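This report refers to the structure that appears directly beneath it.
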Amino acid sequence: MRPRGIVVIAVVVALEATALLVAAVWYGTQLLTGAPVLSFWGAVFTLCLLLAFSVWLFAVARFLLRGFRWPRAGALVAQIFVLTIGFPTLTGGYPLAGLAMLIPAVTAIVLLFDKRVIAFASRAAGAPPAL
Numbered sequence: 002m003r004p005r006g007i008v009v010i011a012v013v014v015a016l017e018a019t020a021l022l023v024a025a026v027w028y029g030t031q032l033l034t035g036a037p038v039l040s041f042w043g044a045v046f047t048l049c050l051l052l053a054f055s056v057w058l059f060a061v062a063r064f065l066l067r068g069f070r071w072p073r074a075g076a077l078v079a080q081i082f083v084l085t086i087g088f089p090t091l092t093g094g095y096p097l098a099g100l101a102m103l104i105p106a107v108t109a110i111v112l113l114f115d116k117r118v119i120a121f122a123s124r125a126a127g128a129p130p131a132l
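My numbering runs 1 ahead of the 1-based position in the sequence shown.
Below, the structure is given as structure tokens:
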């Protein structure tokens, strides 16, 4: 039985992946419409990074739901990155945007250390569930 914590974490990570995908689409349309950039290839690289991180987070969410072990670390790192953006956003005059980043990230971090989540997401690749 899949614990609720896993589902909550996967939803948070999938929503973050969706936000990155939306940002990539917006960034790409700005790039195609001729918005001024300092370096065209730097902008293309940034677009590729946004797309790659979005795909990575979608994979983390999917494999968390399947009970694999490795996505827990990926989800934790992603939430720490969100915290590093959320705190300055909160204190920089955008409290709603900051809270929209901080609350899900803190919730996911707390749930990542729940014993039911750890017990469920402890399967190595190609092996049956450990517990």
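Backbone N, C-alpha and C fix where the C-beta goes; we use that ideal spot for every residue, glycine too. All values reported here derive from a predicted model rather than from experimental measurement.
Exercise. Is it a yes or a no for the stretch 2–21 touching the stretch 43–61, going by three-plus beta-carbon pairs under 8 angstroms?
Worked result: yes
Exercise. From residue 6 to residue 99, what does the alpha carbon distance come to, in whole angstroms?
Worked result: Position 5 of the sequence shown, counting from 1, holds the residue named residue 6. Position 98 of the sequence shown, counting from 1, holds the residue named residue 99. Their Cα atoms are separated by approximately 23 angstroms.
Problem set entry | Cut-off 7 angstroms between Cβ atoms - residues of its own chain near residue 68, not counting five sequence neighbours on either side | To locate residue 68, count along the sequence shown from 1; it is residue 67. Closer than 7 angstroms at the Cβ level, and outside the excluded window around residue 68, lie 121, 122, 124 and 130.
Exercise. Would you call the stretch 70–82 and the stretch 105–118 touching, i.e. three or more CB-CB distances under 8 angstroms?
Worked result: yes
Exercise. With burial defined as no fewer than 16 other Cβ atoms inside 10 Å of the residue's Cβ, what is the status of residue 2: buried or exposed?
Worked result: What you label residue 2 is simply residue 1 of the sequence shown in a count that begins at 1. Its Cβ having fewer than 16 others within 10 Å, residue 2 is exposed.
Problem set entry | Same chain, Cβ closer than 6 angstroms to residue 57, five either side skipped, listed in chain order | Within the sequence shown, residue 57 is the residue found at index 56, counting from 1. If we look at residue 57 and ignore the five residues flanking it on each side, it has no Cβ neighbours.
Exercise. In whole angstroms, what is the alpha-carbon distance linking residue 33 and residue 26?
Worked result: Within the sequence shown, the letter at position 32 stands for residue 33. Within the sequence shown, the letter at position 25 stands for residue 26. Cα to Cα, the separation comes out at about 10 angstroms.
Problem set entry | Start-to-end residues for the alpha helix (DSSP H) that takes in residue 55 | Within the sequence shown, residue 55 is the residue found at index 54, counting from 1. Start and end: 41–66.
Problem set entry | Option in 49, 81, 117 and 47 with minimal Cα separation from residue 104 | Start at 1 with the first residue of the sequence shown, and residue 104 comes out as number 103. Of 49, 81, 117 and 47, the residue nearest in Cα terms is 81.
For this session: Give me the Cα-Cα distance between residue 90 and residue 118, rounded to the nearest whole angstrom.
Result: If you number the sequence shown from 1, residue 90 lands on position 89. If you number the sequence shown from 1, residue 118 lands on position 117. Rounded to whole angstroms, residue 90 to residue 118 spans 30 angstroms at the Cα level.
For this session: State the DSSP-derived secondary structure class of residue 70, mapped to helix, strand or coil.
Result: Translated into the one-based positions of the sequence shown, residue 70 becomes position 69. Looking at residue 70 - three-state DSSP - the assignment turns out to be coil, as it is neither helix nor strand.
For this session: Flag this pair as yes or no: are the beta carbons of residue 55 and residue 97 separated by less than 9 angstroms?
Result: Within the sequence shown, residue 55 is the residue found at index 54, counting from 1. Within the sequence shown, residue 97 is the residue found at index 96, counting from 1. Going by beta carbons, residue 55 and residue 97 fall outside the 9 angstroms limit.
Problem set entry | Beta-carbon spacing of residue 94, residue 106 below 9 angstroms | For the purposes of this step, residue 94 is taken as the residue at position 93 of the sequence shown. For the purposes of this step, residue 106 is taken as the residue at position 105 of the sequence shown. Inclusion of residue 94 and residue 106 in the CB contact set at 9 angstroms is not warranted, their separation being larger than that value.
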